[in-house]
Amino acid sequence: MLTLLWFGQDLRLTDNPALAAAIARGGPITPVFVLDDLDAREWAPGGASLWWLHGSLRALDESLRQRGNALVLRRGPAEMVINQLLDETGADAVYWNRRYEPWAVARGERLKTALKERGIEVWSFNSALIQEPWTVSTQKGEPYRVFTPFWKALRATCVSEPAAAAARIPGPATALEREPLSSWALRPTAPDWAGGIQAMWTPGEAGAQARLEDFAAGAASDYRDKRNMPGVAGTSRLSPHLHFGEIGPRQIWHSITAQALANTGNPMPAGVETYLSEIGWREFSYHLLFHFPTLPEAPLRPEFARFPWEENAKGLAAWRRGLTGYPIVDAGMRELWNTGWMHNRVRMIVASFLIKDLLIDWRIGEKWFWDTLVDADLASNSASWQWVAGCGADAAPYFRVFNPSLQGAKFDPEGDYVRRWVPEIGKLPNTLVHSPWEARPLELADAGIRLDRTYPAPIVEHGAARQRALEAFSRIKKS
DNA sequence: TTTTGAGTTGTTCGA
DNA sequence: GTCGAACAACTCAAA
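For the first sequence, our numbering begins at 472 and goes up steadily by one.
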């Protein structure tokens, strides 16, 4: 009796239902992670995600070794690899935690059927969500398309207690052949562009726990007020840990609410409630992706299929590099490139700029984020880009166009954030640091700036760009 | 079945 | 300087 424990996006040992069930079953466990053929699939993980995956797998292997086991790494199509491993090991059961990407859902179902036909015991579990997409529905039994009623329904459900990790995870008597992690070359070497990512993040379950404890004890209670300030460490920064399942939403939920009650003795502080609703947004994104599997590719509002997106290679290149001439946009894009992460407020600003100021198809921005974010997540990324574009299920109205300099002045009033990432305009006073084009020649000279030499002049004039966007959006809704 | 109220995150304009 | 309305209708969810 041997159980194959197939890891996916659940790279942790605590609060891991598949692992707990495998231990409860008794007998040795072979934990395995399968690297699917990366070139064969659309939405295969991007560069930043692979960097993270390397660290997360190494951490997981380490934790397993401390418990008398080790992670088996194999590369290839997962269904084939699992079958091979069953042949090799004689395992009679396969356990895993479910995933919700359309291709993963299909793969899971195929595998379940095939394994059962082989006489293998198969169980899958929920590790990644508070409620799986099919457990929450409207009174008519349909999926939700609007966040608030979804959130009310989710909020009313019971959030189950996370389970502690087992002290020992018995392994098989004979060690299996394992591919060395280094052979997968998940991290860049020449050039190594990951220095800034490395400096900021600690992939793995321990890193996730440390981040959570820090947030629960500190910024969580101020979350409502500080979460929009990109120059302040007011957010949890748990997103990549959540994406890889190094921590689960139920753990976060219980930890945050318990800490809040201990601190105040009262019902939830507003900051904590606001944070929980962000967990709710993650759940809503998974709900949408599951029920509308074309979410990553096709606008949910069909009229957007004929939106007159523009080809704009120069604009796109400037956006990617952080050279648009709008400091808050450029700061965000540089933060992303350097750290693999961007503050959420700034994600909305840069997305609005790409879509509405440059009229570039949201899917191009979605792909760039997919490749550069360490927290790139199919559900959250797709749902959020559709939301900004106005083509999502519960989307921002099309006339909501972010004004980058206003947003900067409002949410980065001291200019801390833009000065960190766009140092070449750092000497401008706060009143001009979000709009250098408004500076008089003398003020520019004092700050050591020559527009279009040391820092770009705006690549589009926002007022005119906004008008252009509004006209384009009004055209698609007429017919 | 019909009705009603509501809908993450904004900006601009004019009084 | 401040404030409310307009920006557009439409669809969702529940009563």
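All C-beta atoms, glycine included, are put in the ideal place defined by N, C-alpha and C.
| Query | Result |
| --- | --- |
| Using only CA atoms, which one of Met804, Trp808, Asn809 lies nearest to Val817? | Met804 |
| Check for me: the alpha helix (DSSP H) holding Glu932 runs from which residue to which? | Segment: none, Glu932 is in no alpha helix (DSSP H) and carries neither H nor E. |
| With respect to the beta strand (DSSP E) encompassing Tyr566, which residues constitute its N-terminal and C-terminal limits? | 564-568 |
| Along the chain, which unbroken stretches of the beta strand (DSSP E) at least 3 residues long are found entirely within the region 696-731? | none |
| Nearest to Ala681 by CA position, among Asp848, Pro767, Ser707, Asp508, is which residue? | Ser707 |
| Spatial neighbours of Gly498 within its chain, please: CB distance less than 7 Å, with the 5 preceding and 5 following residues excluded, ordered by chain position. | Met472, Leu473, Thr474 |
| If you draw a straight line from the C-alpha of Leu582 to the C-alpha of Phe478, how long is it? | 14 Å |
| Select from Gln537, Leu482, Thr501 the residue whose C-alpha is nearest the C-alpha of Thr560. | Thr501 |
| Grab me the residues of Gln537's own chain with a C-beta within less than 7 Å of its C-beta, minus the 5 sequence neighbours each way, in chain order. | none |
| Beta-carbon within less than 8 Å of His725's beta-carbon, same chain only, minus the 5 sequence neighbours each way: which residues are those? | Val630, Glu632, Pro633 |
| Does the contact criterion of 3 or more C-beta pairs under 8 Å hold for the region 813-832 versus the region 681-692? | no |
| So, with DSSP's three-state summary, where would you put Arg937? | helix |
| Report the three-state DSSP secondary structure of Tyr746 (helix, strand or coil). | helix |
| Near Ala491, which residues of its chain fall below 6 Å by C-beta distance, leaving aside the five closest residues on each side in sequence? | Ala634 |
| Could you pull out every unbroken alpha helix (DSSP H) segment of at least 4 residues lying fully inside the region 508-541, listed in chain order? | 518-537 |
| CA-CA distance, Tyr926 and Leu794? | 8 Å |
| Rounded to whole angstroms, what's the CA-CA distance from Leu542 to Pro662? Just pull it up for me. | 29 Å |
| Does the region 824-841 come within contact of the region 742-755, defined as at least 3 CB pairs closer than 8 Å? | no |
| Where does Trp477 sit, in a helix, a strand or coil, going by DSSP? | strand |
| Express the C-alpha separation of Arg721 and Val743 in angstroms, rounding to a whole number. | 14 Å |
| Would you kindly work out how many angstroms separate the C-alpha atoms of Trp605 and Leu709, rounded to a whole number? | 25 Å |
| Going by C-alpha distance, which of Ile718, Leu557, Gly863, Trp594 is nearest Ile750? | Ile718 |
| Can you grab the Cα-Cα spacing for the pair Lys827 / Asn597, in whole Å? | 38 Å |
| Let me know if Gly919 comes out buried or exposed under the rule of 16 or more other beta-carbons within 10 Å of its beta-carbon. | exposed |
| Check this for me: beta carbons of Arg698 and Gly705, under 7 Å apart or not? | yes |
| Measure from the alpha carbon of Tyr797 to the alpha carbon of each residue in Gly886, Ser748, Pro767, then state which is nearest. | Gly886 |
| Return helix, strand or coil for Ser950, following the three-state DSSP convention. | Its pLDDT being 48, under 50, Ser950 is placed unreliably by the model, and the measurement read from it follows with that caveat. The answer is coil: DSSP assigns Ser950 none of H, G, I, E or B. |
| For the region 929-938 and the region 859-879, state whether three or more C-beta atom pairs, one from each stretch, are separated by less than 8 Å. | yes |
| DSSP three-state call for Val593: helix, strand or coil? | strand |
| Given a threshold of 16 other Cβ atoms within 10 Å of its Cβ, counted over all protein chains shown, does Pro711 qualify as buried or as exposed? | buried |
| In this structure, what does DSSP give as the bridge partners for Ile494? | Its beta-bridge partners do not exist; DSSP assigns none. |
| Please name the residue in Leu625, Ala495, Pro764 whose C-alpha comes closest to that of Ile640. | Ala495 |
| Put Leu484 into one of helix, strand or coil per three-state DSSP. | coil |
| Using CA atoms only, rank isn't needed, just tell me which of Ala646, Ala577, Lys898 is closest to Ala549. | Ala577 |
| DSSP has Tyr926 in a bridge; who is on the other side? | Leu922 |
| Could you please give me the residues that DSSP links to Thr501 through a beta bridge? | Leu475 |
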